[in-house]
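The structure appears right after this line, and notes come after that.
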Amino acid sequence: MTTYAPSQPVDLMYRGYRSIFPEVFRQLDEWKRKAESIPDGELKNQACDSIERKSFHCEGGGLFSLLSGDRWKDTVTFVVAYQTICDYLDNLCDQSESLDPRDFESLHYALEDAVHPGNGHRDYYFYREEKEDGGYLDDLVDTCQNVLGHLPFYHVVHQDVADLSALYGEFQVHKHVAEEDRVERMRTWYEKNRERVPEMEWYEFSACTASTMGVYTLVAYCAGDRVNNELVRRVKDCYFPTMQGMHILLDYYIDQAEDEEDGEMNFCTYYESNDELKKRIGEFMEWTDRKIERLPDAKFHRMLREGVVSLYLADEKVKELPGASSMVPYLLNISGKRTWFFYLNVKAFHKIKA
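The sequence shown lines up with residues 29 to 382 when you count with the numbering used here.
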């Protein structure tokens, strides 16, 4: 099996900035132009906002295309379209006044169809008054389907991609319903799925489902014609629940103050103390590293894991959080020397940018 992916930080950054990010931005510009032509004003605003504010999701996801060899652009095309669906639907659910789970389920049928080439379109806006998007959501779904439908080995990863995609969609439904219903729904959901994961709390399971990293890794390997059943099993076992859980817990960690101000649910508040949270994120990190060692391109996956940790901990919002002075060095030390290197570079970049 040929190794395509970079194994050193300099190579990763060079290929990211030289090839991946420019292609991501080019494709996002195309989707932005389509979003700007959406007839319905509210749908147009949410589509444009999701691209303007959340483009970094596509940048990060685009790095997985480094696993795809010569077909890296196919992976970028899928990632940008799929992530744009996710971010657009998240905006629509966030702004919902009805808080109707049927509406959220209907919207997220778009993700289900996106990973099933051959599925027809549905009325994703069935429970909404705003419906006229000029074919925007259908076009995003079609783009995903077209990429996946032309991958010779998609059948090898199809079931697992669909499974991770479905878990993400279910999480989005539970996350956006009426506040008084969220915890009970998530607890019940966890009980139905607890045998799929090692011992953890319901809010940790929810965190593990809320990332798209596993989907992108499987599609990237598939695009590079580098898949077999054993690889699929190992990749999925690494990214769900471990890497994805670490990713989303860090995401919630830096958003604590913002979520409290906005009255949003934040999983970090369910830990009894900051020390417990710190320990648990560290455990997810170590757990992920053990799984990474069983993957091809282990150095690449380890760099991505370190990059996620450094990017979140270097965020400007962290310094305002109670206990950050002990949390940050604790997690950086567990993560390793290279994470310190990434972290200090990101901090320096923030200072220059300011």
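Where is the CB? At the ideal position from N, CA and C, for every residue including glycine.
query = Of all the options I282, E321, N147, F370, which has the alpha carbon lying nearest to the alpha carbon of E344?
reply = I282
query = Does the beta carbon of A235 fall short of 7 Å from some heavy atom of the ligand MN?
reply = With respect to the ligand MN, the structure offers nothing, as it holds no ligand at all.
query = How about D188 and K306: are their beta carbons less than 8 Å apart?
reply = no
ask   = Checking contacts by CB at 8 Å: is R261 closer than that to chain B?
value = No chain B appears in the structure shown, which is made up of a single protein chain.
request  = Hey, could you find the ends of the alpha helix (DSSP H) Q55 is sitting in?
outcome  = 49–64
request  = Note down, in chain order, each residue of its chain lying with its Cβ closer than 8 Å to the Cβ of V243, except the 5 sequence neighbours on either side.
outcome  = Y110, V143, V189, L192, S193, Y196
ask   = Is Y110 helix, strand or coil by DSSP?
value = helix
message = Rounded to whole angstroms, what is the Cα-Cα separation between E348 and E80?
response = 25 Å
query = First and last residue of the alpha helix (DSSP H) that includes N361?
reply = 352–363
ask   = What is the residue span of the alpha helix (DSSP H) that R261 lies within?
value = 257–265
query = Is the distance from the Cβ of N302 to the Cβ of P350 below 8 Å?
reply = yes
task = Look up T240 in the DSSP assignment and say whether it is helix, strand or coil.
result = coil
key: Length of the line joining the Cα atoms of F233 and M274   = 11 Å
ask   = According to the Cβ coordinates, are R262 and L332 closer than 8 Å?
value = no
query = By Cβ distance, which residues of its chain are closer than 7 Å to S134, with the 5 residues on each side in sequence left out?
reply = Y152, F154, Y155
ask   = Less than 8 Å separating the beta-carbons of V255 and V185?
value = yes
inquiry  = Looking at G252: is its Cβ nearer than 8 Å to the Cβ of R99?
reply    = yes
Rounded separation between L179 and C250 - CA only = 7 Å
message = Would K82 and D167 qualify as a contact pair, given that the criterion is a beta-carbon distance under 8 Å?
response = no
ask   = Beta carbon of Q36, beta carbon of V104: below 8 Å?
value = no
message = Please return the same chain residues whose Cβ sits closer than 6 Å to the Cβ of K72, not counting the five positions on each side in sequence.
response = I66
request  = Out of A376, R150, V336, K379, state which residue places its alpha-carbon closest to the alpha-carbon of L360.
outcome  = V336
query = Is the stretch 108–122 touching the stretch 157–171, taking contact as three or more C-beta pairs under 8 Å?
reply = yes
ask   = Roughly how many whole angstroms lie between the Cα atoms of P226 and W217?
value = 15 Å
For D77, the nearest candidate out of N119, H85, L127 (CA to CA) = N119
inquiry  = Here's a check: name, in chain order, each residue in its chain whose Cβ is nearer than 6 Å to the Cβ of D290, leaving out the five neighbours to either side.
reply    = none
task = Please go through the same chain and pick out, in chain order, the residues whose beta-carbon is closer than 7 Å to the beta-carbon of E87, but skip the five residues on each side of it.
result = F49, V52
message = If I follow the unbroken alpha helix (DSSP H) through M271, where does it start and stop?
response = Counting along the chain, M271 falls outside any alpha helix (DSSP H), and DSSP gives it neither H nor E.
message = Using the three-state DSSP reduction, which class does R322 fall into: helix, strand or coil?
response = coil
ask   = D209: which of A342, E58, D128 sits nearest, CA to CA?
value = D128
query = By Cβ distance below 6 Å, which residues in the same chain neighbour N147 in space, the five residues on each side in sequence not counted?
reply = D141
inquiry  = Helix, strand or coil for Y155? Go by DSSP, reduced to three states.
reply    = coil
query = For F268, which residues of its own chain have a beta-carbon under 7 Å away from its beta-carbon, when the five flanking residues on both sides are left out?
reply = L192, C236, G242
key: R254 (DSSP reduced to helix, strand or coil)   = coil
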